[in-house]
Structures are given as structure tokens and as C-alpha cells.
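Enquirer: Below is the structure I would like to discuss, written out as C-alpha cells.
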Amino acid sequence: MGTGNSTPTPVSQRKHANADNSIKYCEGKIVQNFVLVWLDSNINIMQQDCQYTISELYKIYNSFTLFTDLEECRKFIEKPRDEQIFLIVSGKLGENLVPLVHQNARLDSVYVFCGQPDAHKWTQQWKKIKLVVDQIEPICKALVIDAAQCEEDLTPTSILPLNEYSSQQLEQINASFMYSQLINEILMEMNYNTRAIDELADFCRKIYKKNEAQLKIIGEFQRDYNKHTPIWWYTRECFAYRMLNRSLRTFDINIIAMMGFFLKDIHNQIKDINSKISKRIGPFVVYRGQGMLNEEFEAMRNNIGGLVAFNSFLSTSENMNVAMKFAEKSAGRDGKTSVLFEIEVDPALTLTPYASLDGVTTCQPKEKEILFSMHTVFRIVKVKKNNDQIWKINLQSVSDKDLEIKKLTEQIRWEIGEGDPIDRLGLLMIKLSEFDKAEAFYQMLLESKPEDDKKARAWIRNQFGYIKYKQGRYEEALSLYQEAMQIQEKMSDSRNLDLATTYSNMGLLYTELNDTSKALSYHKKA
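All residue numbers for the sequence shown refer to the working numbering, where the first residue is 5 and numbers rise by one.
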């Protein structure tokens, strides 16, 4: 293995060992769309060459996992997850492990790190094996390229099928579609305090505390954020883009909320550029090339006529050749389908603002990049093979007068009502049984309300109580309901609908507690 200078021990080391100490984890919070796994029976984090390898890997990843036992590594790889996996493995263990995990759709690439590369002819039969080398540096270079491609491929999307759908289907099929739309509304309406940049920087320093390159950029971000445009920061290859993309893909509300000011600033800059450019006459076409996970591609292919929302910012190009190069990078990769999006944009219909990035970022003019804001919605018109390795997906703009859009909007309003967007998002999370996320939203709402806003704070206590009720934590629910009720009963409004809701919730709770008398009493009050 490679050798080098000694470095400090890895970030947040946690050791979990069986009888022969066969497994070690070195991991931090995952804030990227990929995880790195390293399997080698000879790993010893106290050795200088191992420390050097770890230090090199930390320049790319904030989190990775070390294994010395093949079976434990296999179980980890096969565990359901949102992220793609990059695997570094020794030649001996790789020969046994790769056949077991190669078909896993979440395994993106394998890099064999061994003392005698020429001795491992078995590697030639497995397409996901990218390198067989005896030094870590070539692997690190390949990981940088593959990680960037992974981010492009894992653009968060959600699909609304073209058919009748019930309330239950909304909850199961279209949850992410509604969720991303509501998140977009909330972020655009919220006001952010002056500490937002510092709070994000402090959080990122903890996550990247062993990555010197990212720590330097985090410092620049905190110090010089206002010296550059939000889009400049977004298009820079650094922590911000990766964290943002993953949080929107996995609906990590904590990070989304923390990065809310950044998302809003990018959106507002796109709007500002869009308002200043001369309006095009008639539709125009943009392109985007990427790889899609096979299951996501099939979902799109099976929903011709349906709607697709890109839940993050969407980078496209007016130059088809530029987009095609991105599509070709994913061609032939197991578990992925290489696609070229051909998107017809009608400025008169497009709901989401977009902007040309010529002169705004460091991208080359020949790329002719067009950046769309969050939750851009298109109709899926056609999906067909472009050539042997690449599929073409034709999309078109939709307007707010589109029947499916109107239908969805009306359904959302009926399902969760109107009013404060954070309250509505909390309600949606309760409906989806995402109770931790619901609690996080209501905590955010509580912190935004002044102490003397008794009505709002009582309602939030009621909602906390309802969350506990749905979780079966009845004693906690009862205590919170009683707090809400005591405040609401002292208010002068004799027709307090919030109080009626609390009474009704108390009735439901006492029904679960088999106290029929109290249940009936509260239902009558409601």
C-alpha cells in the first residue's frame, strides 16, 4: 500500500468489534450522495501508511467506513440506503466480495487496492471495477471524477402520474412531489437572521473537520459570502452543492432549514437575472445529460404524459453536444441508464424562473448553461432510445392553468389547508407518519413566534400533542393537550376553533385510554 507522512487520527472514530476485532468504522454525518467503503483485512489505523491513506481519502469524503471482515462489509453494502457506494477493496478479499455485491444497484464503482495489480486477472470480468493499483493517489483522482458524476446523476426528482389518485395515493406515490413544492414555498417566504451564514459554517466545520481543503472553502464562504453571487458559490465545486443536493434528495429537513438562506438567495438571483433579460419570442430547447438509477428511469418511462419535478436547481445547456458528453459519461454503467433530456421551454408557460449563466459563473461560454430554480415542473412527452447506450426523454413546460397542476394544487390545499407554510408542512409530515420531521417543523414554527402570541403557541402545543398521540405516547400527548387547552380557555374568543380542535383531540385520546366518560365529555365540548 501507499506510504506517506503521519497525520492525525480520523474524524469521529467509533470502533465496533466482534470477538476478533474484525470491523472498524470511521464515519461522520453523511452530507453527500455517496459513501465510501474500504475493506482490507490488514487495516491498522495506527500504522503510518494507513493514516496517510485515510488522510488522502478525507480530502474527498467527509465520511467513510473501514472493514476488515468480508461478511460484515457485505451486509453493510446490501443495507437499503439513499446513497451510492464506492468500494475500495484488497485483491484477496475483493475476489470473494465483488461477485456477491456487483449486482447491487447502489454499488457504483470498485477500486482494487493491492500490492500486485498484475496478479488479479479476476478483476477483468467485473464492469464496476474501475482501477487495480498499488497506490492510493490514482484511486483518489478517480474518486473525485466519479463523485462529481454521481452528484450529476442523483438529481432529486419526483413524479406525478397521469391518472386519478386518491388521498391514500397522494400519501404514498406523490408525497415527495408535494413535499418539495411546499419546501419551496416555505423557503421563499421565510426571513433569515444575520447569523445564518455563521451557523451553517459552524455546522460544516464539524462535518468536514479532517478535510483541510473544504475547511478552507468553508472559511471563505463565511468571510466572503457577500463578495460573490449565490450562483457563483452554488456552481463552485465544494461542500455547498453536495450538501444541498443530498438534503433535497433525502428531505433532510435540518440541513434544508440551515441552508434555507442560501437556497432563497440563489432563487432570488435567478429571478433577478430572468427579469432583466429580454423575453424570448416563442419556445426554445435546452438539454441535460446524466445517468439515472434504473428504477427512477423506469418510473419516468412508465409515466408518459405525467409530470416530473426537479426538486433541486436544474442545470441545463442550450448546446446539445455539451449535454451529450455528460450522458456519455454514464453510458454502460451497471444499475444506471444514460439519458439525454430534451426540454422544450415556453417562456409564456414556464412557472419557475431560469437564468443564463454566461458571465455569472466560471463556466465556459460554449457551455451555454441555463439554470432553473427549484421545483421546476415539466410534462413527460416521450421516452425513446437515442442510440444503443443513451435514451432520450422529451419534456415540455407546463403552466399553472394545466389541469394536472391545478388538480394537484387543489388536492394539496384540501389535504393540508392554507395558512402558515411551516404549519402546513408539519401537517403534511403528520399525514405521512414522518413524526420526527413534523416535530422539527413545529419546533421551527415555535421559535419564530413571539412569547406574547398565546394563540399560536397554544396551537403548536396542540400539534406537539397530536404527534405524541399518533406515536402512541399518550401520557405525553395528554400533558401537551392540557397545556394548550389551559391557554385557549383563557382567551376571549368564545368561538375559538383551535380550542374545539384541542377538545376533539382530547376526546380521541381518552377513547384510546378507554375512558369513555371523559371522551364523550370532550367530544360534546368540541
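Positions of the beta carbon are idealized from the N, C-alpha and C atoms, including for glycine.
Taking only the alpha-carbon atoms, compute the straight-line gap between T239 and N315 and give it to the nearest angstrom.
Expert: Translated into positions along the sequence shown, residue 239 becomes position 235. Translated into positions along the sequence shown, residue 315 becomes position 311. Looking at the two C-alpha atoms, the distance is approximately 17 Å.
Enquirer: Which residue's Cα is closest to the Cα of Y478: Q490, F445, L512, P454?
Expert: As a working mapping, residue 478 is identified with position 474 in the sequence shown. Of the listed residues, the one whose Cα sits closest to Y478 is L512.
Enquirer: Taking 6 Å as the limit between beta carbons, can you name the residues of its chain near P160, skipping five residues before and five after?
Expert: As a working note, residue 160 is residue 156 in the sequence shown. The beta carbon of P160 sits closer than 6 Å to the beta carbons of L252, R253, N315, S316 from its chain, once the five residues preceding and following it are set aside; these are given in chain order.
Enquirer: Give me the residue from L361, Y115, A152 with the minimum Cα distance to T233.
Expert: For this step, residue 233 is matched to residue 229 along the sequence shown. If we check each option's Cα against that of T233, L361 comes out closest.
Enquirer: Just to confirm the assignment, what range does the alpha helix (DSSP H) spanning Y245 have?
Expert: As a working note, residue 245 is residue 241 in the sequence shown. It spans 243 to 254 - the alpha helix (DSSP H) in which Y245 sits, taken as one unbroken run.
Enquirer: Out of A303, D202, L344, which one is the CA nearest neighbour of E322?
Expert: Your numbering for residue 322 matches position 318 in the sequence shown. Answer by Cα proximity: L344.
Enquirer: In chain order, which beta strand (DSSP E) runs of at least 3 residues are fully inside the region 269 to 298?
Expert: 288 to 297
Enquirer: Which class does S26 belong to by DSSP, given the choice of helix, strand or coil?
Expert: Taking the sequence shown and counting its residues from 1, the one referred to as residue 26 is at position 22. Since pLDDT at S26 reaches only 43, below the 50 mark, its modelled position is unreliable, and the value read off the structure follows with that caveat. Of the three classes helix, strand and coil, the one that applies to S26 here is coil, per DSSP.
Enquirer: Between T72 and S113, how many whole angstroms is the CB-CB distance? I'm expecting something under 8 Å.
Expert: Start at 1 with the first residue of the sequence shown, and residue 72 comes out as number 68. Start at 1 with the first residue of the sequence shown, and residue 113 comes out as number 109. With a Cβ gap of about 21 Å, T72 and S113 do not count as contacting.
Enquirer: Would you decide whether R250 is buried or exposed? Buried here means 16 or more other CB atoms lie within 10 Å of its CB.
Expert: Residue mapping note: residue 250 aligns to position 246 of the sequence shown, counting from 1. It counts as buried.
Enquirer: In whole angstroms, what is the alpha-carbon distance linking I190 and K134?
Expert: If you number the sequence shown from 1, residue 190 lands on position 186. If you number the sequence shown from 1, residue 134 lands on position 130. Each residue's Cα considered, the two are about 42 Å apart.
Enquirer: Y245: which of D228, D122, I221, S59 sits nearest, CA to CA?
Expert: On the sequence shown, position 241 is the one that residue 245 refers to. That would be I221, whose Cα lies nearest to the Cα of Y245.
Enquirer: Give the straight-line distance between the Cα atoms of E516 and M510, rounded to the nearest whole angstrom.
Expert: The count along the sequence shown starts at 1 and reaches residue 516 at position 512. The count along the sequence shown starts at 1 and reaches residue 510 at position 506. Their Cα atoms are separated by approximately 10 Å.
Enquirer: Straight-line CA distance for Q486 to L43?
Expert: Counted from its first residue, the sequence shown places residue 486 at position 482. Counted from its first residue, the sequence shown places residue 43 at position 39. Using only the alpha carbons, I get a separation of about 54 Å.
Enquirer: Can you tell which of L353, T356, L375 has its C-alpha closest to the C-alpha of G363?
Expert: As a working note, residue 363 is residue 359 in the sequence shown. Comparing Cα-Cα distances from G363 to each of L353, T356, L375, the minimum goes to L375.
Enquirer: Kindly indicate which residue of D427, P103, F439, K333 has the alpha-carbon position closest to the one of T127.
Expert: As a first step, residue 127 is located in the sequence shown; it is residue number 123 there, counting from the start. Taking only the C-alpha atoms, the option nearest T127 is P103.
Enquirer: Hey, how far is the Cα of K83 from the Cα of K435?
Expert: In the sequence shown, residue 83 corresponds to position 79, counting from 1. In the sequence shown, residue 435 corresponds to position 431, counting from 1. If I take the Cα positions, the gap works out to 27 Å.
Enquirer: Tell me whether the beta-carbon of S437 lies closer than 8 Å to the beta-carbon of I394.
Expert: On the sequence shown, residue 437 is found 433 positions in, with the first residue counted as 1. On the sequence shown, residue 394 is found 390 positions in, with the first residue counted as 1. No, Cβ-Cβ distance for S437 and I394 is not below 8 Å.
Enquirer: Roughly how many whole angstroms lie between the Cα atoms of A352 and S162?
Expert: Numbered from its first residue, the sequence shown carries residue 352 at position 348. Numbered from its first residue, the sequence shown carries residue 162 at position 158. Taking the straight line joining both Cα atoms gives about 24 Å.
Enquirer: Can you tell me the Cα-Cα spacing of S403 and I409, whole angstroms?
Expert: Taking the sequence shown and counting its residues from 1, one reaches residue 403 at position 399. Taking the sequence shown and counting its residues from 1, one reaches residue 409 at position 405. Roughly 8 Å between the two C-alpha positions.
Enquirer: Ends of the beta strand (DSSP E) at F317?
Expert: Sequence index remark: in the sequence shown, residue 317 carries index 313 (1-based). Run containing F317: none; DSSP gives neither H nor E here.
Enquirer: Terminal residues of the continuous beta strand (DSSP E) containing N398?
Expert: By 1-based counting over the sequence shown, the position of residue 398 is 394. Counting along the chain, the beta strand (DSSP E) containing N398 begins and ends at 394 to 401.
Enquirer: Between the Cα of I149 and the Cα atoms of E241, K268, L267, which residue gives the shortest distance?
Expert: As a first step, residue 149 is located in the sequence shown; it is residue number 145 there, counting from the start. If we check each option's Cα against that of I149, E241 comes out closest.
Enquirer: Go to D112, then tell me how far its alpha helix (DSSP H) extends in each direction, as first and last residue.
Expert: Indexing the sequence shown from 1 puts residue 112 at position 108. Under the DSSP assignment, D112 falls outside any alpha helix (DSSP H), being part of the beta strand (DSSP E) whose first and last residues are 111 to 117.
Enquirer: Kindly provide the ranges of any alpha helix (DSSP H) runs that are 4 or more residues long and lie completely inside the region 178 to 223, ordered along the chain.
Expert: 179 to 193, 200 to 211
Enquirer: Classify K472: buried if its beta carbon has 16 or more other beta carbons within 10 angstroms, exposed otherwise.
Expert: Here residue 472 corresponds to residue number 468 of the sequence shown, with the count starting at 1. With 16 or more other Cβ atoms within 10 Å, it is buried.
Enquirer: Please state whether DSSP places Y65 in a helix, a strand or coil.
Expert: Taking the first residue of the sequence shown as position 1, residue 65 is located at position 61. Of the three classes helix, strand and coil, the one that applies to Y65 here is coil, per DSSP.
Enquirer: Return helix, strand or coil for R85, following the three-state DSSP convention.
Expert: Working through the sequence shown from its first residue, we reach residue 85 at position 81. In the structure shown, R85 sits in coil (DSSP, three-state: anything other than H, G, I, E or B).
Enquirer: Going by other Cβ atoms of all chains shown within 10 Å of its Cβ, with 16 needed for buried, is D519 buried or exposed?
Expert: As a working mapping, residue 519 is identified with position 515 in the sequence shown. Counting Cβ neighbours within 10 Å, D519 comes out exposed, since fewer than 16 surround it.
Enquirer: Quick check: the region 325 to 343 against the region 295 to 303, are at least 3 beta-carbon pairs closer than 8 Å?
Expert: yes
Enquirer: Assuming N215 contacts Y62 (C-beta within less than 8 Å), just tell me the rounded distance between them.
Expert: Here residue 215 corresponds to residue number 211 of the sequence shown, with the count starting at 1. Here residue 62 corresponds to residue number 58 of the sequence shown, with the count starting at 1. With 8 Å as the limit, N215 and Y62 qualify as a contact, their Cβ atoms being about 5 Å apart.
Enquirer: How would you call L311, buried or exposed, if buried means at least 16 neighbouring beta carbons within 10 angstroms?
Expert: Counting from one through the sequence shown, the residue named residue 311 turns up at place 307. L311 comes out buried.
Enquirer: Under DSSP, the beta strand (DSSP E) around Y358 begins and ends at which residues?
Expert: Working through the sequence shown from its first residue, we reach residue 358 at position 354. Run containing Y358: 358 to 360, per the beta strand (DSSP E) assignment.
Enquirer: Can you have a look at K441 and say buried or exposed, based on whether 16 or more other CB atoms are within 10 angstroms of its CB?
Expert: Working through the sequence shown from its first residue, we reach residue 441 at position 437. So K441 counts as buried.
Enquirer: Rounded to the nearest angstrom, what separates T320 and R292 at their Cα positions?
Expert: For the purposes of this step, residue 320 is taken as the residue at position 316 of the sequence shown. For the purposes of this step, residue 292 is taken as the residue at position 288 of the sequence shown. Looking at the two C-alpha atoms, the distance is approximately 5 Å.
Enquirer: Using only CA atoms, which one of N48, L524, Y65 lies nearest to F243?
Expert: Within the sequence shown, residue 243 is the residue found at index 239, counting from 1. For the residues N48, L524, Y65, the minimum Cα distance to F243 belongs to Y65.
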